[in-house]
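First up is the structure itself, then whatever we jot down about it.
Numbering (my numbering), first residue to last: 45 to 140.
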């Protein structure tokens with residue numbers, strides 16, 4: 045069964061400051077970060093396109109990153125974060 049657009053929105057009177065939704069580490073970090081100190085500005089003023097990209101990549105199990113704006117600000121998911129923390133994530137450069 046498909047959900048109607050009204051079912052996908054937070055209930056009336058609930059706080060929307062918890063966006064982005066999700067339990068992942070990166071969702072919590074995106075939510076907690078002071079974006080007003082960046083060129084993206086306050087998270088509540090992000091364009092719908094950027095919010096849609098973030099909603100797509102954060103819960104995804106495949107490594108994903110968004111590079112936004114002229115400064116290429118990075119927003120990535122937990123799977124992408126793993127690539128930067130694991131020595132086993134990428135093979136060594138060729139020639140070694």
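Idealized CB from N, CA, C, for every residue including glycine. Note that the coordinates shown come from a computational prediction; the quantities given were computed from them, not determined experimentally.
Could you tell me the boundaries of the alpha helix (DSSP H) in which residue 100 lies?
92-101
Can you check which of these residues, 91, 93 and 126, is closest to residue 108 by C-alpha distance?
126
If I follow the unbroken alpha helix (DSSP H) through residue 71, where does it start and stop?
69-76
Where residue 90 and residue 82 are concerned, what is the direct C-alpha to C-alpha distance, given to the nearest angstrom?
12 Å
Residue closest to residue 111, alpha-carbon to alpha-carbon, out of 123, 64, 75 and 84
84
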